[in-house]
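Residue numbers (our numbering), protein chains in the order written: chain A, 1 to 375; chain B, 1 to 207. Heads up, the beta-carbon is just placed ideally off N, CA and C, and yes, glycines get one too. Please read the structure below before turning to the comments.
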């Protein structure tokens with residue numbers, strides 16, 4: 001299968017506007033998660049990683065919604081000095097999101113014009129026009145695995161030869177709509193989240209955007225590779241994860257085979273690690289089924305919260321730079337193992353030679369995804 | 001390149017009519033989408049109580065998949081990991097989003113919130129049929145047969161799947177349309193090659 005390389009990337013989050021800034025903040029144990037007072041988004045105080053209300057993403061941004069501003073600002077930075085031409089017919093834009101412009105339901109009257117403005121293809125068109133993409137953008141909306149599905153889709157479209165480059169971007173905005181939903185599920189942690197910990201009690205939500213530029217151009221042959229990816233479904237429950245972890249294991253196993261490597265070649269795992277009781281337990285089971293329980297695993301939710309449609313991308317980008325810098329980021333919020341299976345949760349900043357990373361995610365609808373990133 | 005996969009069944013639900021492989025099998029001029037979908041459920045004798053909990057988008061997708069898969073025997077012929085689902089639409093989960101948010105003004109309901117993601121329809125079809133293979137939900141302004149052909153052909157050509165349920169499931173208020181295809185490596189009696197032309201021909205017959 002044709003190899004696909006990472007050309008450039010960006011993370012735009014409350015702790016930094018570039019990947020370099022973000023990576024540095026993580027090595028300094030700086031988190032975007034903090035307590036927010038009750039107000040427009042929630043009737044009660046809550047912990048989340050949010051942009052300041054007056055954050056300017058770029059000049060003259062007012063014609064775009066906040067969701068679109070996040071996409072545009074992240075793509076702009078990733079494109080800088082990348083040498084990728086958006087107007088080339090061999091370049092495609094792929095957008096990942098769960099809720100896009102849904103906050104407009106909170107402020108605008110329900111009518112056909114509003115429905116049209118909320119529609120994801122409207123945002124995709126505006127963003128594509130801004131950069132001059134000539135191909136129709138693709139939009140992935142697949143719950144919390146959207147970012148990984150977008151990367152896997154980019155990988156596949158490049159492997160078919162239809163495109164040579166893919167600009168894969170994801171973003172989500174935290175609004176009353178989203179927060180009230182997770183609150184109704186009793187899924188929001190009372191404090192900063194604690195992935196895989198014995199005292200974990202739920203998620204923090206987070207805002208952010210991430211962009212990965214993929215290319216099959218052999219001139220990038222020395223770059224990090226997106227070596228394989230796979231998606232599976234639990235076929236068990238729409239809002240609760242598998243009881244056995246077998247289906248996430250299946251996605252992991254298939255992604256490893258697609259990458260042509262065995263589990264022992266993986267140097268670290270970037271897990272979904274939402275810090276809900278059931279997600280982390282299911283992931284621990286899947287990792288054990290894969291025989292990977294001794295491999296360091298981290299979750300970045302303690303720094304970013306759960307950034308929904310951006311999370312797969314943001315976390316994959318940190319994994320890419322972990323490989324480049326031979327540095328494993330610790331799991332902020334983790335103290336004492338709280339899953340029933342053995343797991344090597346990374347709990348301190350570690351400098352060791354790294355060649356291959358497994359990144360996983362799972363979400364509502366029983367979906368699971370895994371990708372392999374390789375030097 | 002000649003198609004190496006085959007559309008072995010297709011189903012259309014739209015404008016108050018259900019079509020199975022091109023033949024109208026049910027019609028009901030019900031006043032709204034919810035009443036129409038309930039009448040299809042009763043007609044098909046699905047007997048699946050979870051249906052009543054679903055939002056209308058999931059009801060539409062599930063019913064279309066029931067018609068599509070009726071008699072196909074794919075669960076017997078393939079392993080659970082070999083059967084996948086790739087769906088597209090234009091309104092994402094907006095119908096459920098509006099209902100959830102209206103309700104949330106008084107009390108947010110987790111039972112409604114879970115449907116505010118379009119891929120839940122894939123989850124519901126997967127649960128009903130124990131399908132565990134590849135999933136993907138993509139949003140387009142209009143049905144894009146070329147994308148569906150390319151993505152699903154990739155999954156089958158690379159032996160990631162042996163069978164894929166794919167197509168369009170869109171619903172907003174009382175406007176709804178489902179066009180589903182069952183795509184397999186093996187042809188059967190009545191199957192047509194899985195080409196952009198044939199995908200579009202079936203899709204356009206829904207108009």
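Note on geometry: alpha-carbon atoms of residue 269 of chain A and residue 260 of chain A lie some 17 Å from one another. By alpha-carbon distance to residue 314 of chain A, the top candidate from A:230, A:223, A:292, A:300 is A:300. Bridge pairing for residue 233 of chain A: A:367 [DSSP]. The beta carbon of residue 240 of chain A does not come within 7 Å of any beta carbon belonging to chain B, so the residue lies off that interface. Residue 341 of chain A sits in coil when the DSSP states are folded into three classes, being neither helix nor strand. Within chain B, the residues 117, 119 have their CB atoms less than 7 Å from the CB of residue 143 of chain A, given in chain order. According to the DSSP assignment, residue 58 of chain B belongs to the alpha helix (DSSP H) that extends over 56-69. Contact check between the stretch 200-218 of chain A and the stretch 265-279 of chain A: three or more CB pairs, one atom from each, fall below 8 Å, which counts as touching. Among the residues of the stretch 247-259 of chain A, those with a Cβ less than 8 Å away from any Cβ of chain B are 247, 250, 254, in the order of the chain. Contacts with chain B at 7 Å (Cβ-Cβ) include residue 185 of chain A. Residue range 23-27 is occupied by the beta strand (DSSP E) that includes residue 23 of chain B.
The Cβ atoms of residue 13 of chain A and residue 32 of chain A sit closer than 7 Å to each other. Judged by their CB atoms, residue 140 of chain A and residue 96 of chain A are nearer to each other than the 7 Å cut-off. Secondary structure note for residue 181 of chain A: its alpha helix (DSSP H) is the uninterrupted segment 176-184. Taking C-beta atoms as the reference points, residue 68 of chain A and residue 126 of chain A count as a pair closer than 7 Å.
Secondary-structure assignment with DSSP links residue 55 of chain A through no beta bridge to anything. By the Cβ rule, the stretch 137-148 of chain B counts as touching the stretch 129-145 of chain A, because three or more pairs are nearer than 8 Å. Between the stretch 161-180 of chain B and the stretch 165-184 of chain A there are fewer than three C-beta pairs closer than 8 Å, too few to call the two in contact. The stretch 5-21 of chain B makes contact with the stretch 189-200 of chain B, as at least three CB pairs between them are under 8 Å. In this structure, B:177 is the residue among B:79, B:82, B:177, B:182 with its C-alpha nearest to the C-alpha of residue 57 of chain B. In the displayed model, residue 86 of chain B falls within a strand according to three-state DSSP. Contact note: residue 365 of chain A reaches chain B through 117, 119, 120, 122, 123, using a C-beta cutoff of 7 Å and chain order.
Remark: C-beta atoms of residue 369 of chain A and residue 252 of chain A do not approach each other more closely than 7 Å.
Residue state for residue 77 of chain A is assigned as helix, using DSSP reduced to three classes. Between residue 171 of chain A and residue 71 of chain A a beta carbon distance of about 5 Å is seen, short of the 8 Å cut, so the two are scored as contacting. Neighbours of residue 139 of chain B across chain A, judged by C-beta separation under 7 Å: 120, 121, 139, 141. Using a CB distance cut-off of 7 Å, residue 184 of chain B does not count as an interface residue toward chain A.
Rounded to whole angstroms, the gap between the alpha carbons of residue 169 of chain B and residue 179 of chain B is 7 Å. Take the alpha-carbon of residue 191 of chain B and the one of residue 18 of chain B: they are about 19 Å apart. DSSP places residue 122 of chain A within a helical segment (H, G or I) once states are collapsed to three. By the Cβ-count criterion, residue 63 of chain A is exposed, with fewer than 16 other Cβ atoms from all chains shown falling within 10 Å of its own Cβ.
Look at the beta carbons and you see the stretch 345-364 of chain A not touching the stretch 25-34 of chain B: under three pairs across the two are nearer than 8 Å.
Boundaries for residue 283 of chain A: no beta strand (DSSP E) harbours it, while the alpha helix (DSSP H) harbouring it runs 277-289, taken from the DSSP string. Excluding residues up to 5 positions away in sequence, 55, 57, 115, 116, 117, 118, 120 lie with their Cβ nearer than 8 Å to the Cβ of residue 93 of chain B in the same chain. Not a single C-beta of chain B is nearer than 7 Å to the C-beta of residue 96 of chain A. The alpha-carbon of residue 262 of chain A is positioned some 19 Å away from that of residue 284 of chain A.
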